[in-house]
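Numbering (the UniProt record's numbering), first residue to last: 1 to 124.
Built from N, CA and C at the ideal position, the CB exists for glycine as well.
Below is one structure, written out as structure tokens; comments come after it.
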């Protein structure tokens with residue numbers, strides 16, 4: 001038993017995020033908007049939540065706002081923004097191949113831009 005406090009004030013950021021995701025799952029919306037859904041989670045919790053989100057996103061339109069590319073690796077369309085402008089649209093593999101900004105972000109967040117693509121291939 002956990003005392004949540006009024007408006008969840010006694011919860012950590014990660015606990016609040018997990019609770020918000022659970023609420024979204026219960027509502028079963030046709031369109032799902034996720035804004036930095038895993039940003040306050042440790043790596044282990046992020047992986048668990050990511051798997052739950054993958055199930056939640058099936059058969060529905062999902063818009064994900066994320067700085068962590070791991071959150072959007074499996075998206076069928078990633079929109080790259082720079083200075084508030086759309087600079088490219090594509091899959092992870094397409095963007096790594098043709099967009100220097102995205103490739104640089106992938107290299108910073110993964111051991112190499114190709115490493116994330118290899119992870120995707122292994123999971124398929």
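Per DSSP, the unbroken beta strand (DSSP E) holding residue 85 starts and ends at 85-90. The Cβ atoms of residue 65 and residue 95 lie no closer than 9 Å to each other. When the five nearest sequence neighbours on each side are left out, the beta carbons in the same chain lying within less than 7 Å of the beta carbon of residue 102 are those of 80, 88, 95 and 96, in order along the chain. The Cβ neighbour count for residue 21, taken over all protein chains shown within 10 Å, is at least 16; the residue is labelled buried.
For residue 53, the enclosing alpha helix (DSSP H) begins and ends at 43-57.
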